[in-house]
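The block underneath contains the structure these notes are about, expressed in structure tokens.
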Amino acid sequence: MIPLIYAQEDANVTIKKVSADEKTKRHLENLGVLVGAQINLVSIHKGNVILKVKDGRLALNQSLATKIFVE
Numbered sequence: 269m270i271p272l273i274y275a276q277e278d279a280n281v282t283i284k285k286v287s288a289d290e291k292t293k294r295h296l297e298n299l300g301v302l303v304g305a306q307i308n309l310v311s312i313h314k315g316n317v318i319l320k321v322k323d324g325r326l327a328l329n330q331s332l333a334t335k336i337f338v339e
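Per our numbering, the very first residue in the sequence shown carries number 269; after that it's consecutive.
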């Protein structure tokens with residue numbers, strides 16, 4: 269299990285843990301970023317992460333990407 273920020277670009281990963289406050293967790297869950305979800309790490313640029321979640325894309329800053337753990 270590693271922080272999302274350290275996963276390889278274009279990797280398909282499964283979210284295993286989200287270490288954020290409850291408000292942030294709920295917001296991420298509403299966007300499809302929740303434990304057990306499979307996502308694709310599209311790109312990492314200057315610490316910012318672009319994810320493919322379901323049929324859409326989502327950008328996360330470095331601070332948040334370090335709180336999401338994947339395999």
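For glycine and all other residues, C-beta sits at the position ideal for the given N, C-alpha and C.
| query | How many angstroms separate the CA atom of R294 from the CA atom of A288? | reply | For the purposes of this step, residue 294 is identified with residue 26 of the sequence shown, where counting begins at 1. For the purposes of this step, residue 288 is identified with residue 20 of the sequence shown, where counting begins at 1. Whole-angstrom Cα-Cα distance: 10 Å.
| Between which two residues does the beta strand (DSSP E) containing Q306 stretch? | Taking the sequence shown and counting its residues from 1, the one referred to as residue 306 is at position 38. Note, Q306: beta strand (DSSP E), 306-313.
| query | Based on the DSSP secondary-structure assignment, which residues constitute the bridge partners of L319? | reply | In the sequence shown, counting from the first residue as 1, residue 319 sits at position 51. The partner list for L319 (beta bridge, DSSP) reads L309, L326.
| said: Looking only at its chain, what residues have a beta carbon closer than 6 Å to the beta carbon of A305, apart from the 5 residues adjacent to it on each side? | reply: Residue 305 sits at position 37 when you count from the first residue of the sequence shown. Here the set comprises I283.
| message | Which same chain residues end up closer than 7 Å to Q330 when comparing Cβ atoms and leaving out the 5 residues on each side of it in sequence? | response | Position 62 of the sequence shown, counted from the start, is the residue given in the question as residue 330. Cβ within range, chain order: I273, G315, N316.
| task | Give me the Cα-Cα distance between I312 and A327, rounded to the nearest whole angstrom. | result | For the purposes of this step, residue 312 is taken as residue 44 along the sequence shown, with counting starting at 1. For the purposes of this step, residue 327 is taken as residue 59 along the sequence shown, with counting starting at 1. Roughly 10 Å separates the two Cα atoms.
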